[in-house]
Amino acid sequence: MINREFVSERCYIENIIPNEILMYLSRNKGYIAGGAIRSVFSGEKISDFDLYFEDEDCFTFFENWVRNGFEFCSGKNLNIISESFNALTFECEGYNYQIIRREDVIGLSPDQLFEVFDFTICMGAYIPDTGKFMLHEDFLRHTSQRKLVYTSSPYPISSMHRTKKYIDRGYSINGIEIMKISLDIADLNLNTMEDVADQFQGIDVLVLKSFIEELKRNKDEEYSKEKVLKTMENYLPFIE
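The working numbering puts the first residue of the sequence shown at 94, with every later residue one more than the last.
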């Protein structure tokens, strides 16, 4: 694991994110992880900042602060964009932020979070309290190579779907990595429709919102591939 300060990348992040957000993260075991960190090192456009917390109380307080306050103390405008099973998304000063609210990641440290992430290029975090980045040992190499390397994931179906997004952005994945994802999918124990819904949590849930809600309405029903496929046809006709 790499744990060090990258001065130019730190300054880049701190010039974008309002001081109020950085200060709260710094004082309350919060950090930024995932795609935004990859974008900082690769030069890609940042689509949003994913915010995580090592403490559940700090997470709850921050979410309530955002939800109830459309004005930051410095007068910066804050607008809530959407709310889903995975995240509360808000916009501030031209950038989107997602407070990640999945129960399986609230309370995790960055190195624990990396064990939930699927690809090495996602395993980067910035910790405002220390001003340092925590990176998987292969994060920089695979990001520079634009190469998808799968480690493992509780949500391999989502990982398989996510490969398309990365390929569209110019990343590559070889057959061995596809087989690794496939083996994890084969190991899934899908007993109920709720189990299926959980597997789609890693995909853009705003796009899948109606589909996931329908699965959850029938959450106690026994898993049926035919019913899942029918639900897909009804609720996801235009998904690529």
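All residues carry an ideal CB built from backbone N, CA and C; glycine is no exception.
Burial state of residue i, where buried means 16 or more other Cβ atoms lie within 10 Å
{"i": "Gly127", "result": "buried"}
{"i": "Val100", "result": "exposed"}
{"i": "Met94", "result": "exposed"}
{"i": "Thr223", "result": "exposed"}
{"i": "Met227", "result": "buried"}
{"i": "Thr215", "result": "For the sequence presented, residue 215 should be read as Cys rather than Thr. Burial call: buried."}
{"i": "Lys273", "result": "buried"}
{"i": "Ile114", "result": "buried"}
{"i": "Leu329", "result": "exposed"}
{"i": "Leu241", "result": "buried"}
{"i": "Ile125", "result": "buried"}
{"i": "Ile110", "result": "buried"}
{"i": "Arg255", "result": "buried"}
{"i": "Leu206", "result": "buried"}
Within 9 Å, strictly: CB atoms of residue i and residue j
{"i": "Pro221", "j": "Gly123", "result": "yes"}
{"i": "Tyr145", "j": "Leu201", "result": "yes"}
{"i": "Ser252", "j": "Glu208", "result": "no"}
{"i": "Asn172", "j": "Glu156", "result": "no"}
{"i": "Asn121", "j": "Asp148", "result": "yes"}
{"i": "Phe232", "j": "Phe304", "result": "no"}
{"i": "Ala218", "j": "Pro203", "result": "yes"}
{"i": "Ser265", "j": "Arg234", "result": "no"}
{"i": "Thr285", "j": "Glu306", "result": "no"}
{"i": "Phe313", "j": "Pro247", "result": "Per the sequence shown, residue 313 should be read as Asp rather than Phe. No; because the gap between Cβ atoms is not below 9 Å, this pair is not in contact."}
{"i": "Asp141", "j": "Thr182", "result": "yes"}
{"i": "Asn49", "j": "Glu186", "result": "Since the first residue of the chain shown is 94 and the last is 333, residue 49 is not available in this structure."}
8 Å contact criterion, which residue i and residue j should meet: CB distance rounded
{"i": "Ala290", "j": "Leu276", "result": "At roughly 22 Å, the Cβ-Cβ gap does not stay under 8 Å, so Ala290 and Leu276 are not in contact."}
{"i": "Pro249", "j": "Ile278", "result": "5 Å"}
{"i": "Lys302", "j": "Ser119", "result": "Not confirmed; about 33 Å, so no contact."}
{"i": "Lys225", "j": "Glu102", "result": "Going by Cβ atoms, the distance from Lys225 to Glu102 rounds to 10 Å, so no, they are not a contact pair."}
For residue i, the nearest candidate out of the options (CA to CA)
{"i": "Phe152", "options": "Arg131, Ile199, Ile106", "result": "Ile199"}
{"i": "Phe212", "options": "Thr236, Asn108, Ile193, Asn170", "result": "Thr236"}
{"i": "Lys138", "options": "Glu287, Glu230, Arg262", "result": "Arg262"}
{"i": "Ile130", "options": "Glu326, Ile106, Tyr243, Ser177", "result": "Ile106"}
{"i": "Asp143", "options": "Pro247, Gln191, Ser175", "result": "Gln191"}
{"i": "Tyr293", "options": "Leu115, Cys104, Met325, Arg234", "result": "Looking at the sequence shown, residue 293 is not Tyr but Phe. Per the Cα distances, Met325."}
{"i": "Glu287", "options": "Gly268, Asn311, Asp280", "result": "Asn311"}
{"i": "Phe154", "options": "Phe210, Ile174, Arg194, Lys257", "result": "Arg194"}
{"i": "Asn282", "options": "His229, Ser317, Ser175", "result": "Ser317"}
{"i": "Asn96", "options": "Asn112, Ser132, His229", "result": "His229"}
{"i": "Tyr259", "options": "Ile174, Ser132, Val321", "result": "Ser132"}
Below-9 Å beta-carbon distance, residue i vs any chain C residue
{"i": "Tyr259", "result": "Absent here is chain C; the protein component of the structure consists of one chain."}
query: Which ranges would you report for the beta strand (DSSP E) in the segment 154 to 233 if only whole runs of at least 3 residues count?
result: Listed in chain order, they are 171 to 176, 180 to 185, 188 to 193, 217 to 220, 225 to 228.
query: In the segment 105 to 136, which residue ranges form an unbroken beta strand (DSSP E) of at least 3 residues, counting only runs that do not cross its ends?
result: Entirely contained in the segment 105 to 136, the beta strand (DSSP E) runs reaching 3 residues are, in chain order, 123 to 126.
- request: Could you tell me which uninterrupted alpha helix (DSSP H) segments, each at least 4 residues in length, are contained entirely in the segment 242 to 288, listed from first to last along the chain?
  value: Taking only runs of at least 4 residues, the alpha helix (DSSP H) segments lying wholly in the segment 242 to 288 are 249 to 261, 268 to 279.
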